[in-house]
Each structure stands twice: as C-alpha cells, then as structure tokens.
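Each remark here refers to the structure printed beneath this line.
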Amino acid sequence: MDYAIGNVSPLHKASTKENENLQNSKNVKRESKVYSYKEQQEEMALRRELEEKKRRQGKIKDPELTPKQKEALRIQLEKEAAIRKRLTEVSLGLSLIHFGN
Numbered sequence: 001m002d003y004a005i006g007n008v009s010p011l012h013k014a015s016t017k018e019n020e021n022l023q024n025s026k027n028v029k030r031e032s033k034v035y036s037y038k039e040q041q042e043e044m045a046l047r048r049e050l051e052e053k054k055r056r057q058g059k060i061k062d063p064e065l066t067p068k069q070k071e072a073l074r075i076q077l078e079k080e081a082a083i084r085k086r087l088t089e090v091s092l093g094l095s096l097i098h099f100g101n
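Heads up: the sequence shown begins at 1 in the UniProt record's numbering, then just goes up one per residue.
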C-alpha cells in the first residue's frame, strides 16, 4: 500500500472524479427512444469538451474547499509526503547495500 502511494502524484485523488465520469458514461441509461446510444455518447463528450474549454478560459472555477476539506487534504498530503520520504530512504539504503558490495 505504501509503495503504491509513492508511485502516485500528490493530488491523484482529484482525478478520480474524471475517472468516475468515464465509468458512468459506459453505463448510460437511454434518455429517450429518439436518441441513439452513439448520439448520447457524442453529446456527453461535447459537454465535457465545452466544460473543459470554459474551465481553461477561467469562466468556470473549481469549487472552493471548505476549511474541513482543506484540513483533510493537508493531512493527507503530509501523510503521503512522509511515505514518499520513507520510501526514498529505503530505496537509497537498498541501492547502497546492493551496489556497495
């Protein structure tokens, strides 16, 4: 588990929402008989593109975190930083043992 944290970016969890949206797009309930599945997929992709474009232009801002969420994020980042530091030290120690002989 700790090793897996060492291989992930600090805010990996922020991208889970995008992954969740991709998974939800696979299980689409048909809105009506008029639209085909393919048309619904294209519409969802277009909506995502437009939202991303607005976000890049600064028209849409990501929601602000509450103080409680900010504290939880800070604690999580500190834990991950400590794990990364420990993994780096262990890796360095192993490389010294391996190459030191």
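Heads up, the beta-carbon is just placed ideally off N, CA and C, and yes, glycines get one too.
In this text the structure is predicted, and so the values were computed from the model without any measurement.
query                                                                                                     : result
Flag this pair as yes or no: are the beta carbons of Glu51 and Ile60 separated by less than 8 Å?          : yes
Distance, Cα to Cα, Tyr37 vs Met44?                                                                       : 11 Å
Give the DSSP-derived three-state secondary structure of Glu80 in the structure shown.                    : helix
Hey, Leu77 and Leu65: beta-carbon distance below 8 Å or not?                                              : no
Could you give the distance in angstroms between the alpha-carbon of His98 and the alpha-carbon of Arg84? : 21 Å
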